[in-house]
Structures are given as structure tokens and as C-alpha cells.
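A.B. asks:
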Amino acid sequence: MYRSATIHAGIMLSATTSIQIVTADLNRAKARIASEVQVKRETKYYLDNIKSVKTSKNFVNNYRLFSYAMNAYGLSDMTYAKTMMQRVMDGGLTNAKSMANHLSDPRFKAFAKAFDFGDKGAGVTASDAANTATTKSYIEQALEDDVGEQNEGARIALYFMRNAPNITSGYQVLGDKALFRFVQTAFDIPATSSNTLDRVSKLIESKIHIGDLKDSDKVKTMVKRFVTLWDLQNSSTQSTSGLQLGQSATFGGVASLPAIQSRYSQF
Numbered sequence: 046m047y048r049s050a051t052i053h054a055g056i057m058l059s060a061t062t063s064i065q066i067v068t069a070d071l072n073r074a075k076a077r078i079a080s081e082v083q084v085k086r087e088t089k090y091y092l093d094n095i096k097s098v099k100t101s102k103n104f105v106n107n108y109r110l111f112s113y114a115m116n117a118y119g120l121s122d123m124t125y126a127k128t129m130m131q132r133v134m135d136g137g138l139t140n141a142k143s144m145a146n147h148l149s150d151p152r153f154k155a156f157a158k159a160f161d162f163g164d165k166g167a168g169v170t171a172s173d174a175a176n177t178a179t180t181k182s183y184i185e186q187a188l189e190d191d192v193g194e195q196n197e198g199a200r201i202a203l204y205f206m207r208n209a210p211n212i213t214s215g216y217q218v219l220g221d222k223a224l225f226r227f228v229q230t231a232f233d234i235p236a237t238s239s240n241t242l243d244r245v246s247k248l249i250e251s252k253i254h255i256g257d258l259k260d261s262d263k264v265k266t267m268v269k270r271f272v273t274l275w276d277l278q279n280s281s282t283q284s285t286s287g288l289q290l291g292q293s294a295t296f297g298g299v300a301s302l303p304a305i306q307s308r309y310s311q312f
């Protein structure tokens, strides 16, 4: 994934300060990232060539295009899984038995929606979802990477802000390492527990209140709480290596959701 220069080279910023700087003018921050040479070059290549892709096989065999799209939807760690992603795209979403509908991770459904060769055919690559929405998402991902170079907590906070409106259950939070880290830090949810996953999911839902996640003001309050606690917990060392956003969480040392593991298996 894209890496840019940090916000203030040589100065390690707290999560609180990093978030304040970026969110003070989020559109300007995104514009700065979009104008970076690497992002601008890759985005131009993608937009110039995506409409010529007519099948999922063509798509996965053009690494530059495919990896751009996978990065945009937070699936860069799955770029190698060409056969699986072809099934995601060719299966579409209208069939309840399709691959995307069998995977609990919503990123796959988002990818299938943007590149639904099964339901929309070759014309899908000319859609707004495959073009404008995908490049927008790529830039947002790049911004998060850029902020993460300064402070991992700030990157998690931005990731949460972007994904909060799409969260529909505690299980979804459990299945995403970054989202779980956010609620774990902000609401003191233990990393390990003897409770069942269903109980932990309900605990998460009682803490964050799913309906509040569509309220931008309430999300901002959650983010403020998170970065404050993150800075308190990480005051001695500000880690910048940390999480790969979007990876499935672990709970007690094992995959938190067996359903998440299904993304690696056939059905």
C-alpha cells in the first residue's frame, strides 16, 4: 500500500494531535494525498484502463489495476487470492448463495458491489462504483497510511470514522482487527474473555450503540475518547508499525469469528 511523507517529518505526534490536524480540514488532507506523485500516477493509470476490463479474469491478471482496487477496499492482504476474488466478483450479490454473501466480512460485499461481473456483466467497470467510488476509497486508505506513519492510534481512529456508518453488529467489529482495537481501547473491552462470542458481541453493541454510528457528532465523541485513552496508554512509545487495518481480530489467541475464516475456504 501507498506510503507518503509523515505530517511533520522527524516529530512524533500524539494520536490526539494527529487527528486534530487531519480533521481540521479533512478535504484538504485528502487533496494533499491525491496530489502526491505516486497516488496521482496510480489513480490515473487505474482510471485510464479500468473501463477496458471486461471479465474478472482480465481484472485479476492485471496486477496494477487489481492491486489498486484491492487496496481501495482494504483487501491488499488478499491480492494473491485471485481465484477466490474471481468468485466474489462473478457471483455478485443478488444470489444469496454467492461467495460474497457467504463471507461475513463486509469488505468483500463492497468489492463485489463495485465489480459485480456476475449481475452486471462487462459494463460494470464503467460504473461510478468502479471508478469514482473506488478512487475515493483508495485516497482515503492512502491518507490513513500517511497518518499511521505518525501515530497508529490516529490511523485506527480515521479508519473507524470512515467505517462507522457501515457497522451493523458487534460481530462485524469482532471480525475486524482495527475496529475491535478501537472499541477495546475506547470502552475497556478485554482482549481475552471466557465469555462466548455472542456475549462479547452484545457487550460491544451495548457500549457503542449501533444506531449512534450514523451520527457524525456521536462518532466524533467516540473518536475523542479513543485518542485520549490511546495517548494515555501509549505515552512512552508511539508505535507506527502496529495493525494492518481490516485484518480479522483474534480473541483469546484464536480467530474471533469462525465465519471470518470462511473467506479463505471454498464452499
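Heads up: the sequence shown at position 204 corresponds to 249 in our numbering, and the numbers run straight through without jumps. For each residue, glycine too, the CB sits at the ideal point set by N, CA and C. Keep in mind it's a predicted model, so treat the numbers as computed, not measured.
Taking only three categories from DSSP, how would you classify Y113?
C.D. replies: Three-state DSSP puts Y113 in a helix.
A.B. asks: If we ignore side chains and look at the alpha-carbon of each, how far apart do M206 and K265 end up?
C.D. replies: Cα to Cα, M206 sits roughly 8 Å from K265.
A.B. asks: Span of the alpha helix (DSSP H) holding E81?
C.D. replies: Neither: E81 is in no alpha helix (DSSP H) and is coded neither H nor E.
A.B. asks: Is there a Cβ of chain D sitting closer than 8 Å to that of S59, yes or no?
C.D. replies: Absent here is chain D; the protein component of the structure consists of one chain.
A.B. asks: Would the region 94–114 and the region 208–219 be scored as touching if the rule is three or more Cβ pairs under 8 Å?
C.D. replies: No: the two stretches stay apart, fewer than three of their Cβ pairs being nearer than 8 Å.
A.B. asks: Looking at C-alpha atoms only, which residue of Q83, N94, M57 and F271 is the closest neighbour of V228?
C.D. replies: If we check each option's Cα against that of V228, F271 comes out closest.
A.B. asks: By the 10 Å Cβ neighbour count, where 16 or more other Cβ atoms means buried, how is S59 classified, buried or exposed?
C.D. replies: Looking at its Cβ environment, which holds 16 or more other Cβ atoms inside 10 Å, S59 is buried.
A.B. asks: Assuming Y91 and T180 form a contact by the criterion Cβ under 8 Å, report the distance between their Cβ atoms to the nearest whole angstrom.
C.D. replies: That belief holds up - the Cβ atoms of Y91 and T180 are roughly 7 Å apart, short of 8 Å.
A.B. asks: Secondary structure at Y125, three-state DSSP: helix, strand or coil?
C.D. replies: Residue state, collapsed to three classes: coil.
A.B. asks: To the nearest angstrom, report how far apart M115 and D262 are at their CA atoms.
C.D. replies: Cα-Cα distance, rounded: 30 Å.
A.B. asks: Can you tell me whether A141 is buried or exposed, with buried defined as 16 or more other CB within 10 angstroms of its CB?
C.D. replies: Counting Cβ neighbours within 10 Å, A141 comes out exposed, since fewer than 16 surround it.
A.B. asks: To which residues of the same chain is D276 closer than 8 Å at the C-beta, ignoring the five residues directly before and after it?
C.D. replies: Only S59, A60, T61 and G198 meet the Cβ criterion.
A.B. asks: For N208, count neighbouring C-beta atoms within 10 Å of its own C-beta (all shown protein chains included) and say buried if the count is 16 or more, exposed if not.
C.D. replies: So N208 counts as buried.
A.B. asks: With a threshold of 16 other CB atoms inside 10 Å of the CB of T170, please say whether the residue is buried or exposed.
C.D. replies: It is buried - the Cβ of T170 has at least 16 other Cβ atoms within 10 Å.
A.B. asks: Per the contact definition of three or more C-beta pairs closer than 8 Å, is the region 117–124 in contact with the region 154–162?
C.D. replies: As far as the Cβ criterion goes, the region 154–162 touches the region 117–124, which means the pair count is three or higher.
A.B. asks: Note down the Cα distance separating I234 from N196, rounded to an integer number of angstroms.
C.D. replies: Going from the Cα of I234 to the Cα of N196 covers about 22 Å.
A.B. asks: Going by the beta-carbon positions, is the gap between T128 and D164 smaller than 8 Å?
C.D. replies: No, the Cβ-Cβ distance between T128 and D164 is not below 8 Å.
A.B. asks: In whole angstroms, give me the CA-to-CA distance for N72 and Y125.
C.D. replies: If you take the alpha carbons of N72 and Y125, they lie about 32 Å apart.
A.B. asks: Specify, as a first and last residue, the run of the alpha helix (DSSP H) that N106 falls within.
C.D. replies: Neither: N106 is in no alpha helix (DSSP H) and is coded neither H nor E.
A.B. asks: Using beta-carbon positions only, say whether F232 and I201 come within less than 8 Å of one another.
C.D. replies: Going by C-beta atoms, F232 is not nearer than 8 Å to I201.
A.B. asks: By DSSP, does M57 sit in helix, in strand, or in coil?
C.D. replies: It is coil, neither helix nor strand.
A.B. asks: Quick one: is S101 buried, meaning 16 or more other Cβ sit within 10 Å of its Cβ, or exposed?
C.D. replies: So S101 ends up on the buried side.
A.B. asks: Please look up how many angstroms separate the CB atoms of R132 and M123, rounded, as I've assumed it's under 8 Å.
C.D. replies: With 8 Å as the limit, R132 and M123 do not qualify as a contact, their Cβ atoms being about 12 Å apart.
A.B. asks: Mark S80 as exposed unless 16 or more other C-beta atoms lie within 10 angstroms of its C-beta, in which case mark it buried.
C.D. replies: Under this definition S80 is an exposed residue.
A.B. asks: H147 lies in the alpha helix (DSSP H); which residues open and close that run?
C.D. replies: Residues M144 to H147.
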